[in-house]
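J.: This is the structure I have questions about; it appears just below.
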Amino acid sequence: MIQFRAYKILNTTQGKMPLDVSFTLEHGQLISLFGKSGAGKTTILRILAGLTNADESFIEVDNEIWDDTKKKLHLSAQTRSIGFVFQDYALFPNLTVKENVQFALQKKSDRKIVPELLELMELEQLQNNKPINLSGGQQQRVALARAIARQPKILLLDEPLSALDDEMRFKLQDYIFKAHLHYKLTTILVSHHLPEIFRLSDNVIILDKGKIIKQGKPLDVFTEQKMSSKFNVTGEIIDITKNDIVYIVSVLSMNNIIKIIATADEINNLKVGQKVLVTSKVFNPMIQVM
Amino acid sequence: MIDLSPLWLSCRLALIVTILLFVISIPLAYWLAYSKFKLKTVAEVIITLPLVLPPSVLGFYLLIAFSPANTFGKFIDTYFNLRLVFTFTGLVVASVIYSLPFMVNPMVAGFKNLPGSLKEASFTLGKSKFTTLIKILLPNIRASLLTGIVMTFAHTIGEFGIVLMVGGSIPKETRVVSIAVYDEVESMNYHNANVYALILFVFTFLILLGVHLINNKKQATTLL
Numbered sequence: 049m050i051q052f053r054a055y056k057i058l059n060t061t062q063g064k065m066p067l068d069v070s071f072t073l074e075h076g077q078l079i080s081l082f083g084k085s086g087a088g089k090t091t092i093l094r095i096l097a098g099l100t101n102a103d104e105s106f107i108e109v110d111n112e113i114w115d116d117t118k119k120k121l122h123l124s125a126q127t128r129s130i131g132f133v134f135q136d137y138a139l140f141p142n143l144t145v146k147e148n149v150q151f152a153l154q155k156k157s158d159r160k161i162v163p164e165l166l167e168l169m170e171l172e173q174l175q176n177n178k179p180i181n182l183s184g185g186q187q188q189r190v191a192l193a194r195a196i197a198r199q200p201k202i203l204l205l206d207e208p209l210s211a212l213d214d215e216m217r218f219k220l221q222d223y224i225f226k227a228h229l230h231y232k233l234t235t236i237l238v239s240h241h242l243p244e245i246f247r248l249s250d251n252v253i254i255l256d257k258g259k260i261i262k263q264g265k266p267l268d269v270f271t272e273q274k275m276s277s278k279f280n281v282t283g284e285i286i287d288i289t290k291n292d293i294v295y296i297v298s299v300l301s302m303n304n305i306i307k308i309i310a311t312a313d314e315i316n317n318l319k320v321g322q323k324v325l326v327t328s329k330v331f332n333p334m335i336q337v338m
Numbered sequence: 073m074i075d076l077s078p079l080w081l082s083c084r085l086a087l088i089v090t091i092l093l094f095v096i097s098i099p100l101a102y103w104l105a106y107s108k109f110k111l112k113t114v115a116e117v118i119i120t121l122p123l124v125l126p127p128s129v130l131g132f133y134l135l136i137a138f139s140p141a142n143t144f145g146k147f148i149d150t151y152f153n154l155r156l157v158f159t160f161t162g163l164v165v166a167s168v169i170y171s172l173p174f175m176v177n178p179m180v181a182g183f184k185n186l187p188g189s190l191k192e193a194s195f196t197l198g199k200s201k202f203t204t205l206i207k208i209l210l211p212n213i214r215a216s217l218l219t220g221i222v223m224t225f226a227h228t229i230g231e232f233g234i235v236l237m238v239g240g241s242i243p244k245e246t247r248v249v250s251i252a253v254y255d256e257v258e259s260m261n262y263h264n265a266n267v268y269a270l271i272l273f274v275f276t277f278l279i280l281l282g283v284h285l286i287n288n289k290k291q292a293t294t295l296l
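If you want it as C-alpha cells, here you go:
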C-alpha cells in the first residue's frame, strides 16, 4: 500500500499556489492524475520520486517510509524503488537503446530482464541504435523499458504520450498496460487525454489548483452529470464553424469526428482544443459488430 | 641555428596547464552549473576576472603574492620548499589561474545546455552523482570539453603579459615562445622573430581549424 501526503507552495504564473494533496493507492493499481496545466500533477510525481522536496510530506510505500518531514526523514531519489518516464523521455544520447536499458540495472539485478524488455517492447531490431535515430514512439518505448528495468515498485509516467499522434498513442497505451500487468507494477499516469484514462486506469484523481477535487473510477468521475443521459462520449473540439445562424462544433473522439449543432450562446464557453463530454439522451444508441 | 627550447617550453607549459585545468574544472563547473548556493555569483565573477583584467595587472598581483618577501610566498617557500617567482612551476600556477575561465566556462555552458531530465533520469535509475557525471553528463558535453581543452591549450601557448611578469625570460626555464618573439625583436633579430611567430601562427591556426572541423561534423551528424 502507498500512502502519499504532501504540502508545498508552488510558484505558478498566477502567483503562489499551495499544493495540498493526500491519497492512498493499492498495490497493482493504475491510477491517472488529471487536471489543467499547473494543477500540480508533475510536482506530485516529482515529490514521490524524491526529485522535488515538499514543505511538508509523508510518503510510505509497503511499510517503508520514504519521506517524513516531521521526523526529518528523506530518502534520496536513488534509493527509492521507482521508474520514471519523463515527458521528454530523457534518453541518454551517448548510449544505444540496449545500453540505455542496461544502465538501469542494479548490482544485484537479474540481467535477463534486458532482452526480455527489449522483446516485450519490440525493440530488438533497434537495440544497437542511438536514441537520435529513433521515432517518437520508439523513444517512448525505450524510456518505458528503461524505467521498468530497475523492477521498481512504482512506475511514474509524466504525460508520456503527449507528443505522439493518435494512432501511435493507441498502440503505446497497449505497451504501457502490458508492462503494468506483466511486472505487477503500481502505476501513476499523468494524462490530459480522456480516452487514455478510460482505457488504462482503474482510478482517476482530478486535480485543480493544487487540490484533489474528485477521485474514483473514470466512468463515475467523468460522467457524473446533473441530467440523466443515455449516451456519453468524450473528445476534443477540433473545429467550430458558423453555419447560418447556428454553429457546427466538430469533436474528435478516438478516430471519429462527431458534428454537433450549437447556438451562439452555447459556444460561448467552447474553444478549439478543449476536452468535452458529448451527451445524448434522445435516441437509442445502436451497437454493431465491426 | 635557432633555439627551439622556447617552443618546447611553451608546449610543455600548455600541456601541463591543460591537464591540471581539466581535472580542476570538472568539479568546479559542475558546482557552478547545478549549485543553488547564494554566493555562487561571486565565485563566477572571480573565475571570469582573468578574461577582462589586463594580464599585466594579474601578473603583478601574482608576482607580489609569490614573492618570498611576502606572507604567501614565504609560506610555500618555507613549508613546501617551492619558489614560484621566475620558475617554471610559478608559470604553471599563474597560467592555471589565468586560463581558468577558458576551461570552466565552456564546461558550465555544456552542463547548463543539457536537459535537466538526463541527470534526474539517472538518479531515478539508482545511479550516484559521480556515476551520473562520468557516464552520462561528461560524454554528452564532449563538444564543450573539447572546446575547453583547445581554448586553454591555445590560450596558454599565446600568453605573454602574465608570463613576463611572473616568469621573466630565463632561457630553458621561463622563456616561452611568445617571450622569445619579443626578445628577438628587441635585439633586432627579425629573422628569428619571424620564424617563432610563423610557427606559433600556423600551430594555433591548425588547432582551431581542427576544433571547428570536429564540431561541425558533430553538428551535421546530430542533425541527421
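Line order of the protein sequences matches chains V and B. In terms of the numbering used here, the first sequence opens at residue 49 and continues consecutively. In terms of the numbering used here, the second sequence opens at residue 73 and continues consecutively. For glycine and all other residues, C-beta sits at the position ideal for the given N, C-alpha and C. Just so we're clear, the structure is a prediction, and the values are computed from it rather than from any experiment.
Relative to chain B, which residues along the segment 97–110 of chain V have a C-beta separation below 7 Å, given in chain order?
T.: Across the segment 97–110 of chain V, CB contacts with chain B closer than 7 Å involve A97 and L99, in sequence order along the chain.
J.: Rounded C-beta distance between V:I306 and V:V299? I'm assuming under 8 Å.
T.: 5 Å
J.: Can you list the alpha helix (DSSP H) stretches of 4 or more residues lying completely in the segment 216–287 of chain V, in chain order?
T.: 242–248 and 266–270
J.: Please determine, among B:N185, B:T150, B:I96 and B:Y254, the residue with the shortest C-alpha to C-alpha distance to B:V349.
T.: Chain B is shown from 73 up to 296; residue 349 of chain B falls before or after that span and cannot be answered.
J.: Check the Cβ of V:D136 against every Cβ in chain B and list those closer than 7 Å, keeping chain order.
T.: P187 and S189
J.: Determine contact between the segment 191–206 of chain B and the segment 145–155 of chain B, defined as no fewer than three beta-carbon pairs at a distance below 8 Å.
T.: no
J.: Whole angstroms are fine: how far does the CA of V:H240 sit from the CA of B:P127?
T.: 58 Å
J.: So with CB distances below 9 Å, who are the chain B contacts of V:I130?
T.: T196
J.: At 4 residues or longer, what runs of the alpha helix (DSSP H) sit wholly inside the segment 84–126 of chain B?
T.: 112–124
J.: Is there a Cβ from chain B that is less than 8 Å from the Cβ of V:M275?
T.: Residue placement at V:M275 is poorly supported in this model, since its pLDDT is 47, which falls under 50; the coordinates are not used for a value here.
J.: So V:T91 is in the alpha helix (DSSP H); what residue range does that whole segment cover?
T.: K89 to A97
J.: Of all the options V:E207, V:D214, V:S210 and V:I196, which has the alpha carbon lying nearest to the alpha carbon of V:K226?
T.: V:I196
J.: Looking at the secondary structure, which residues open and close the beta strand (DSSP E) in which V:L58 lies?
T.: I50 to T60
J.: Let me check understanding here. Comparing Cα to Cα, which of V:K319, V:I260 and V:K178 lies closest to V:F71?
T.: When only C-alpha atoms are compared, the closest one is V:I260.
J.: To be precise: take each residue of the segment 197–216 of chain B, compare its Cβ to all Cβ atoms of chain V, and keep it if any distance is under 7 Å. Which residues remain?
T.: Listed by position along the chain: L197, G198, K199, S200, I208, P211 and N212.
J.: Does the distance from the CB of V:G258 to the CB of V:D115 come in under 8 Å?
T.: no
J.: Run through chain V and tell me which residues come within less than 8 Å of B:E256, C-beta to C-beta.
T.: Those within 8 Å of B:E256 in chain V number zero; the least Cβ separation is about 47 Å.
J.: Would you identify the three-state DSSP class for B:E192, choosing helix, strand or coil?
T.: In the three-state reduction of the DSSP assignment, B:E192 falls in the helix class.
J.: Is any beta-carbon of chain V found at less than 8 Å from that of B:A181?
T.: no
J.: Could you check whether the Cβ of B:A193 sits closer than 8 Å to any Cβ belonging to chain V?
T.: Answer yes: the Cβ-Cβ gap between B:A193 and chain V drops below 8 Å somewhere.
J.: Is there contact here, the segment 122–131 of chain V with the segment 92–108 of chain V, by at least three beta-carbon pairs under 8 Å?
T.: They touch, by the three-pair rule.
J.: For V:A152 and chain B, any beta-carbon pair shorter than 8 Å?
T.: Using beta-carbon distances, V:A152 counts as an interface residue toward chain B, with a partner under 8 Å.
J.: Suppose contacts are defined by Cβ-Cβ distances below 8 Å. Is V:I253 in contact with V:I79 by that definition?
T.: yes
J.: Could you check whether the Cβ of V:A125 sits closer than 8 Å to any Cβ belonging to chain D?
T.: The chain inventory of the structure shown lacks chain D, comprising the protein chains V and B.
J.: Does DSSP classify B:Y170 as helix, strand or coil?
T.: helix
J.: Work out the CA separation of B:D149 and B:R247 for me, nearest whole Å.
T.: 23 Å
J.: How about V:N177: is its C-beta nearer than 8 Å to some C-beta of chain B?
T.: no
J.: Which residue wins for smallest C-alpha separation from B:L93, given the options B:L217, B:I286, B:V253 and B:G230?
T.: B:L217
J.: What did DSSP end up calling V:P66 once you bin it into helix, strand or coil?
T.: strand
J.: Which residue wins for smallest C-alpha separation from B:L280, given the options B:I229, B:N264, B:K146 and B:E192?
T.: For the residues B:I229, B:N264, B:K146 and B:E192, the minimum Cα distance to B:L280 belongs to B:I229.
J.: Where does B:L263 sit, in a helix, a strand or coil, going by DSSP?
T.: Correcting the residue type first, residue 263 of chain B is His in the shown sequence and not Leu. DSSP places B:H263 in helix when its eight states are reduced to three.
J.: According to the neighbour-count rule (16 or more other Cβ atoms, all chains shown, within 10 Å of its Cβ), is B:S107 buried or exposed?
T.: exposed
J.: Would you mind working out which of V:M49, V:D206, V:A310 and V:V145 sits nearest V:I107, comparing C-alpha positions?
T.: With distances taken between Cα atoms, V:I107 lies closest to V:M49.
J.: Between V:F52 and chain B, is any beta-carbon pair separated by less than 8 Å?
T.: By this cut-off, V:F52 is not an interface position.
J.: Roughly how many angstroms separate the alpha carbons of V:L153 and V:R198, rounded to a whole number?
T.: 6 Å
J.: Can you list, in chain order, the residues of its chain whose CB lies under 6 Å from that of V:I113, leaving out five sequence neighbours each side?
T.: L121
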